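Numbering (the numbering used here), first residue to last: -11 to 279.
Think of the CB as a built atom: it goes at the ideal place given N, C-alpha and C, for glycine as much as any other residue.
Owing to the predicted nature of the structure, the values given are computational and were not obtained by experimental measurement.
As structure tokens, the structure follows; a few thoughts come after it.
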């Protein structure tokens, strides 16, 4: 048998590819008048309405234990902060800086979940950190870090902690996990909007944003959280680096954002780090052996 089932691996990778285009509806809604946090609020609010409707239609009780509740709150904060990072910074930098998350996830696995630390994990972490440094231009200074960069880093930290809590929690209803995450993402956007002092937008663009949340955000939340219940957090987060390929390439091609050879090398290192963590997990192990 395999150390990790292929189905959650495939679905997590599919979700990552779709996440990589998250900036498209965010920027589109921004052009429609939903600037600042409002685009994320509308989309995540739409996903919340869709999830609540799905739960009600299935007559599924809304139930989360304390660990899952905190996990979905952090995962939601990650989604909310990430959508803000795409508005307040470069898409390429936001996507790549988020993917320091595997480093945080691996530390959480080892320190708090009791999972072993093997040499491929060291390679993966070193590659991710080196890649992030190259993405920042080969040198990191406080003056060079903008609001979008900070939001992307915070988003990655929240995701790492949230995924660990969801994975380690007892079985919780999938619909409840989606509702909790969508609610957390919407709440983060509302708090940020209040801090910015953004005025209420016209109802038309809000309705468009909510519809986008139902048809786009809700399915990828479902795919990601389904995988989060079955894959260790570091492996899940490394798999989500497939978003880099979609996000970076689409950002460079469609937005004409600067992307140097140094940043390309950083992207390659981050992807190689993901492979270093993933491939040993997919290696067949004897029955009764430890994956």
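Own chain, CB closer than 7 Å to residue i, minus 5 neighbours either side, in chain order
i: residue 32; result: 67, 68, 170, 173, 174, 177, 201, 205
i: residue 157; result: 53, 55, 56, 59
i: residue 101; result: 152, 156
i: residue 208; result: 3, 6, 7
i: residue 238; result: 8, 9
Per-residue DSSP class, three states only, for residue i
i: residue 161; result: coil
i: residue 188; result: coil
i: residue 168; result: helix
i: residue 103; result: coil
i: residue 137; result: helix
i: residue 228; result: coil
i: residue 49; result: coil
i: residue 87; result: coil
i: residue 20; result: coil
i: residue 25; result: coil
i: residue 95; result: helix
i: residue 327; result: This structure leaves residue 327 out entirely; the chain is present only between -11 and 279.
i: residue 72; result: helix
i: residue 122; result: helix
i: residue 156; result: helix
i: residue 55; result: helix
i: residue 195; result: helix
Contacts around residue i, its chain only, beta-carbon distance under 8 Å, and the 5 residues preceding and following it disregarded
i: residue 210; result: 162, 166
i: residue 186; result: 23, 24, 25, 26
i: residue 17; result: 26, 27, 30, 31, 193, 196, 197, 200
i: residue 76; result: 134, 135, 136, 139
Inter-residue Cα distance where the pair is residue i and residue j
i: residue 240; j: residue 78; result: 10 Å
i: residue 243; j: residue 138; result: 21 Å
i: residue 136; j: residue 47; result: 40 Å
i: residue 99; j: residue 134; result: 31 Å
i: residue 44; j: residue 183; result: 33 Å
i: residue 87; j: residue 192; result: 34 Å
i: residue 155; j: residue 111; result: 24 Å
i: residue 42; j: residue -2; result: 24 Å
i: residue 278; j: residue 94; result: Note that residue 278 has pLDDT 37, beneath the 50 cutoff, so the model's placement of it is unreliable and the number below is only indicative. Their backbone Cα atoms lie some 18 Å apart in a straight line.
i: residue 63; j: residue 143; result: 8 Å
i: residue 146; j: residue 97; result: 14 Å
i: residue 179; j: residue 150; result: 19 Å
i: residue 65; j: residue 213; result: 14 Å
i: residue 1; j: residue 188; result: 36 Å
Neighbourhood of residue i by C-beta distance below 6 Å, restricted to the same chain and skipping five residues each side
i: residue 11; result: 74, 79
i: residue 119; result: 254, 257, 258
i: residue 164; result: 50, 51, 52
i: residue -4; result: 215, 218, 219
i: residue 115; result: 257, 260, 261
i: residue 89; result: 144, 147, 148, 225
**OP:** Give a yes or no on contact between the segment 218 to 237 and the segment 2 to 19, applying the rule of three or more CB pairs nearer than 8 Å.
**Re:** yes
Original post:
Between the segment 240 to 259 and the segment 16 to 27, are three or more C-beta pairs nearer than 8 Å?
Top reply: No contact exists between the segment 240 to 259 and the segment 16 to 27.
Original post:
Are at least three pairs of beta-carbons, each pair with one atom in the segment 34 to 47 and one in the segment 185 to 203, less than 8 Å apart?
Top reply: Judged by Cβ distances under 8 Å, the segment 34 to 47 makes contact with the segment 185 to 203, as three or more pairs qualify.
Original post:
Taking contact to mean at least 3 C-beta pairs separated by less than 8 Å, is the segment 222 to 230 in contact with the segment 50 to 62?
Top reply: Verdict: no, contact absent.
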